[in-house]
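Heads up: the protein sequence lines correspond to chains E and V, in order. For the first sequence, my numbering assigns the number 1 to the initial residue and increments by one for each residue that follows. For the second sequence, my numbering assigns the number 1001 to the initial residue and increments by one for each residue that follows. Below is one structure, written out as structure tokens; the observations come after it.
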Amino acid sequence: MLNGIFVLGAAVRLLPPSFVPDLPSTVSSVEVATPFTSFNSLQEAFYYLQHGINLYDGGVNHHSPLLVVFLNFFNDLPYSYIVFNVLYTLIDLWIAYRLIQLNQWYFKTRSAKVGAEKSEKSERSESGESKQSAKDLTVSNLIKSPLTDKLIASFYLFNPLLILTNWSHSTLLFTHIFLVESIFQVAVEHSLSRGMLLLAVASYLNYTPIFMVIPLVSLALTVTKGDKVKVVEGVGIFIVSLGLLVLASFAMTSSWQFVESCWITIIRFDQISPNVGLWWYFFTEMFAFFHPFFVGVFNLYSVMFILPITIRFSENDSKGTKSNYLGDSFLACILCYTWLIFTKAYPTLGDLGLVLSIIPIFKTSFLSYCKFGGFTALIMSGCLLLSPIFYYCWIVLGNGNSNFFYSINLTWGIVHGLILMDLIWGKLTYDYINENGVSKELQKKLRLTQI
Amino acid sequence: MLVNWFVPVLLSVVHVMASYNETLYLKPLPRNKLMASWDFDIESNPKKIEFHNESISAVKSSQSEDHFADFPRALGPIIQSTNTRELHIRFTQGWWDSESWGKLPKDGLRSGGTGVELWAIIEAGDIQAARKSWNKLTNSLSGFFCASLNFIDDSITTFPQHQSQQQQQHAHVQPLLSTNRLYLLRASLPSEPICTENLTPYLKLLPSRGKAGISSLLEGHKVFDSLWHGMSIDIESKCVDGNFCSFSMHQSVNSIVDVIKSMNKKENGGIPRPTPGEELRCDPKKINNIWQCFPLNDPTELTWELGDLLGRKIKGPALTGTNYPISNVIIDVDKEFWKVRVSKFKNSPENEGEVIITRHEITPQEEGRIHFTIDEACEYDFMFETSDSEKTSSIEQPPLKVSRSLSGYSQGQGGFRISFKNPSDEKIKFVYFEVLPWYMRLYFNTMSMEITSESSSSSSSNSGKISESDFIKSRYYKPAIDRKRPSHLELTIELPPHTTMTLNYQFDKSLLLYAEYPPDANHGFAIEPAVITVLDLNTGESAYQLRTTSLLVTLPTPDFSMPYNVIILTSTVMALVFGSVFNLLIRRVVTEEELEKLASKSKLSLIVGNIKSKINSLTKKK
């Protein structure tokens, strides 16, 4: 059955672009591909490479040098478009497989953690029998059975946002595989060094994941139980490997222009192109005088919550002030990533697609306490439906203007906000229930608020 | 030019005569069109010139200005201070109908593309210095010619690689300092309108200031009312013996005048009126009554005077007191069908008007061409009489036909379709030079080629059969950088006889910043014409040059009324999410009952409670 899902997932990705070779460029709409991830600009980069034109002496190519050189190898092969289809399909299958393993790992660690808490508590509260039974009730309620491998694979492989991203041959997929793989290495394999190396590759490819180093180190601390040296080690490995990649790129292109093209352009938002994010229209309409100021503000905004979220959901509470507090560093990783894709300069649908495919993993713990799922899904489908229509009205028909498309951008931003809030609130409710030992019956009447 | 370079002072009189020369060329074209082209050659005396350095700002300009002779003194310092060795300016407007008019005048080497085109060879130590001189040059010329040349900046300037014409001339020019190099810079402004305010300074460059000689015919309203017109200035420095240089300037004005339209305009004034019924020319072979009329073509039996078309008469020779023919007229007609008469007028104050002193027919000398010299100080006019105006002297067909058009229908993406047709029986080789603004993101990997051969009649658009390298011999492509550099493409193409080649490639249109849009953003952005230089197969020199039309590209536009709304709305969403996440992260989770309990203990609730109890006690007292 699981094999069947993988075969079907592969077929969905492999067959349409093989029979319709134009599919990647057709699907590469502004929502799916940005200048930084689009396959068109990658092919232009191949052209430059083959004709001896400097890869970064121009405004079209924003792909990292090593990626271009690596993929150019496939481009040279006969029937290269089929080769690319196979490559992109394999990447997606690999990510799906890793998500299954992450799901199993998450269930195992969560149940182990809650089990440990339970035994601790039972030791402490031996005196009161009645209280203990209440705890038992709670614990059995705290860990739910995880989703099956089949469902996790299906959530990834049949996510329409990800299928579109795959069909468009967006290089975002390379970022995704390195990111998921690095989380997998840190969490499941307990290998901080490999994880950091892979994260360095992901950051090298797409800049945004660079900030994932903070939640990932925190996750590593959790799985390896403390040891502050690990933090230094992890960050060190990350910086060294990123440095090596940059040096290798420099050696390959013999100039530093790629730094400007691949990263500085993103930070400064030099290339204004419509996408699903919040930046483009803001900076199109912004008065030139305030441009640098708001670039600073937006960049600050996009990294603002990385540290707070990591600390808030950290599991390494060395002081032990909250003895029965259940952190969730994996959740912190996902929340941080959601925040990053919400605030990034050139987001695509595929970014949120990955997050949406990871969220079902939390079914084991707190997902049932999230309330807005349906509401968010409705808004999201509205956005997905209207966004291409409004873009078409603006760009092709001319009977709508950019504000139509922009309104969908705003709503898409709110979708990110809702997902973030929903996840955090679900987790907080879950923690409250755990900390206060609320029984199953009381949970239904439980009305929580914050002060 | 019979110029003795080494004794300029002694023979300065001879110089003044030999340093200026003007020619008017007139040629009737089919469908009652007239090609009129004015050529002016001016040469300065040779003089030792030095490399102008910023640090040595005090140019010894006062030192003998007379070496300019008839060369315009206003231009001299601009050229010297920017170390310009060659300067070429083109002002062109209109569409050249090569189907009926044949080759461009002077093989197109003096014609430009729509708008203004400027290129120069500048001597400089490095590329930065060259750019600096170029900026200085364009800014000076901008004021000089009342054109928007000051809008030329790095984002539209290119360094052409294979403009063979320039490279040929390059050989004559050597840098003055051995450490320097010569840089060829080029820019064009396709949306620049050409009007009378460009013509006035143009005429001021002539020694006659447009008051005498053939330039007295150049009247702004008439010249710019033509179907196609172009003005050009080419300044070259010729150096002998190191840095002993003279400037030579060639000015040329070409225009295609619609004879019928101009005559109607003269009769009826500038306002178009419906033709009265009795003057309608109807086809007698078809139904013809007061209600119905099938119009005939324009009359072919015509008599008109040049003065009627251009509004003025030639006012004597350009310079008086010379014993050298400097004002020449060449008329190119088919002598079987055309008669040309020259009339001389003299203003006599007694009779209060013009008096014709002579009117006689002039006969063609060689190959049907009429050579005529204007030598008397009176007004000249030419009268053309034809029995069949469709019969003109032979028209040469251009060696290559090129059309460039845009494909695609959206403001987001588009494509180019360029078709080259070789109608001749010989193989031709040409350079395709194209500069595209940075906001068109070219995907050059999408370039596809189609070859259609007339002889084999089988069109083979299959790229598997033909390879690009069979036709495209060399390519130079420099991609654009946003706001810094345009894309620059040069292709050397060889095309077999009777073959049509079509190139296609795609581009993305990028969104600009709010302030970068012109006030009429939805009108579109003009894309400068591509330049095609046909090369001589033997010598490699440019044999013919033509330009495509300029194109209009519409870019995606934002809503220009929105800046404040966008700032407010985007900031709201960001603040909303920020605030919610911030609250969720730092606040403590409690049940609602706990909240009420806690709230009752807070200071605010205590104060509220106090006030309430006081009010209660007050009401009870009542």
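Glycine included, C-beta positions come from ideal geometry on N, C-alpha and C.
When the Cα atoms are used, what is the spatial distance from residue i to residue j?
{"i": "I1121(V)", "j": "A202(E)", "result": "48 Å"}
{"i": "L397(E)", "j": "A251(E)", "result": "47 Å"}
{"i": "L428(E)", "j": "Q271(E)", "result": "40 Å"}
{"i": "F293(E)", "j": "Y281(E)", "result": "16 Å"}
{"i": "L1010(V)", "j": "R1369(V)", "result": "Summary for L1010(V): the model assigns pLDDT 36, below 50, so the residue's position carries little reliability; its value from the coordinates is reported in the next sentence. Taking the straight line from one Cα to the other gives about 38 Å."}
{"i": "L1189(V)", "j": "E1376(V)", "result": "42 Å"}
{"i": "L335(E)", "j": "N1522(V)", "result": "43 Å"}
{"i": "K1484(V)", "j": "A1130(V)", "result": "16 Å"}
{"i": "T967(V)", "j": "K1238(V)", "result": "The structure shown has nothing for residue 967(V), since chain V only spans 1001 to 1622."}
{"i": "G1213(V)", "j": "L1491(V)", "result": "43 Å"}
{"i": "T148(E)", "j": "L352(E)", "result": "22 Å"}
{"i": "T222(E)", "j": "I451(E)", "result": "29 Å"}
{"i": "N72(E)", "j": "H62(E)", "result": "15 Å"}
{"i": "L1513(V)", "j": "I341(E)", "result": "24 Å"}
{"i": "M286(E)", "j": "P1518(V)", "result": "16 Å"}
{"i": "L1280(V)", "j": "P1295(V)", "result": "7 Å"}
At what residues does the beta strand (DSSP E) containing residue i begin and finish?
{"i": "F238(E)", "result": "Here F238(E) belongs to no beta strand (DSSP E); instead the alpha helix (DSSP H) covers 229–253."}
{"i": "G1115(V)", "result": "1115–1124"}
{"i": "R1131(V)", "result": "R1131(V) -> not in any beta strand (DSSP E); alpha helix (DSSP H) instead, spanning 1127–1145."}
{"i": "P1028(V)", "result": "1020–1029"}
{"i": "W1101(V)", "result": "That residue, W1101(V), is in no beta strand (DSSP E); its alpha helix (DSSP H) goes 1098–1101."}
{"i": "C1245(V)", "result": "1244–1258"}
{"i": "W1291(V)", "result": "Run containing W1291(V): none; DSSP gives neither H nor E here."}
{"i": "R13(E)", "result": "Premise fails: R13(E) lies in the alpha helix (DSSP H), 2–19, not in any beta strand (DSSP E)."}
{"i": "F1525(V)", "result": "1525–1527"}
{"i": "I361(E)", "result": "Where I361(E) is concerned, there is no enclosing beta strand (DSSP E), given that its DSSP letter is neither H nor E."}
{"i": "R169(E)", "result": "This sequence places His at residue 169(E); Arg is not what is there. No beta strand (DSSP E) contains H169(E), which DSSP labels as neither H nor E."}
{"i": "M1181(V)", "result": "Strictly speaking, residue 1181(V) in this sequence is Arg, with Met absent from that position. Element bounds for R1181(V): 1181–1189."}
{"i": "A1543(V)", "result": "1542–1547"}
Just tell me which of the options has its CA closest to the CA of residue i.
{"i": "L303(E)", "options": "D422(E), P209(E), L99(E), E285(E)", "result": "Note that residue 303(E) is Val in the sequence shown here, rather than Leu. The option with the nearest alpha carbon to V303(E) is P209(E)."}
{"i": "Y79(E)", "options": "P21(E), T34(E), Q450(E)", "result": "P21(E)"}
{"i": "S1133(V)", "options": "F1145(V), A1147(V), S1148(V), I1152(V)", "result": "I1152(V)"}
{"i": "K1473(V)", "options": "I1049(V), P1496(V), T1452(V)", "result": "P1496(V)"}
{"i": "I309(E)", "options": "L1584(V), K1614(V), R1417(V)", "result": "L1584(V)"}
{"i": "M1440(V)", "options": "R1312(V), A1036(V), L1551(V)", "result": "L1551(V)"}
{"i": "R1404(V)", "options": "P1529(V), S1393(V), V1608(V)", "result": "P1529(V)"}
{"i": "I177(E)", "options": "L205(E), V217(E), I239(E), F155(E)", "result": "L205(E)"}
Please tell me whether residue i has its Cβ less than 9 Å away from any Cβ of chain E.
{"i": "L1442(V)", "result": "yes"}
{"i": "D1508(V)", "result": "yes"}
{"i": "R1131(V)", "result": "no"}
{"i": "Y1432(V)", "result": "no"}
{"i": "G1412(V)", "result": "yes"}
{"i": "T1557(V)", "result": "yes"}
{"i": "A1515(V)", "result": "yes"}
{"i": "L1512(V)", "result": "yes"}
So, is the C-beta of residue i closer than 9 Å to a C-beta in chain V?
{"i": "P347(E)", "result": "no"}
{"i": "G398(E)", "result": "yes"}
{"i": "D57(E)", "result": "yes"}
{"i": "F107(E)", "result": "no"}
Where does the unbroken alpha helix (DSSP H) through residue i begin, and where does it stop?
{"i": "N399(E)", "result": "Premise fails: N399(E) is in no alpha helix (DSSP H) and is neither H nor E."}
{"i": "W279(E)", "result": "279–285"}
{"i": "R268(E)", "result": "265–268"}
{"i": "C336(E)", "result": "329–343"}
{"i": "N1045(V)", "result": "First-last for N1045(V): undefined, no H or E at that position."}
Taking only beta carbons into account, state which residues of the segment 1575–1598 of chain V come closer than 7 Å to chain E, listed in chain order. L1576, V1577, S1580, V1581, N1583, L1584, L1585, R1587, R1588, V1589, V1590, T1591, E1592, L1595, L1598
Mind checking the segment 161–179 of chain E against chain V and listing, in chain order, the residues whose C-beta falls within less than 8 Å of any C-beta there? Listed in sequence order: no entries.
What residues in the segment 412–443 of chain E have a beta carbon less than 8 Å from any beta carbon of chain V? G413, I414, H416, G417, L420, M421, I424, W425, L428, T429, D431, Y432
Near-chain E residues of the segment 1478–1503 of chain V (beta-carbon distance less than 7 Å), N- to C-terminal order: Residues P1479, A1480, I1481, D1482.
Taking any Cβ of chain V, which residues in the segment 273–286 of chain E have a Cβ under 9 Å from it, in chain order? If you check each beta-carbon in the segment 273–286 of chain E against every beta-carbon of chain V, the ones closer than 9 Å belong to S273, P274, L278, W279, W280, Y281, F282, F283, T284, E285, M286.
In chain order, what residues of the segment 1394–1423 of chain V put their CB closer than 7 Å to some CB of chain E? Y1409, S1410, Q1411, G1412
Short of 9 Å Cβ to Cβ, which residues in the segment 251–275 of chain E face chain V? T265, D270, Q271, I272, S273, P274
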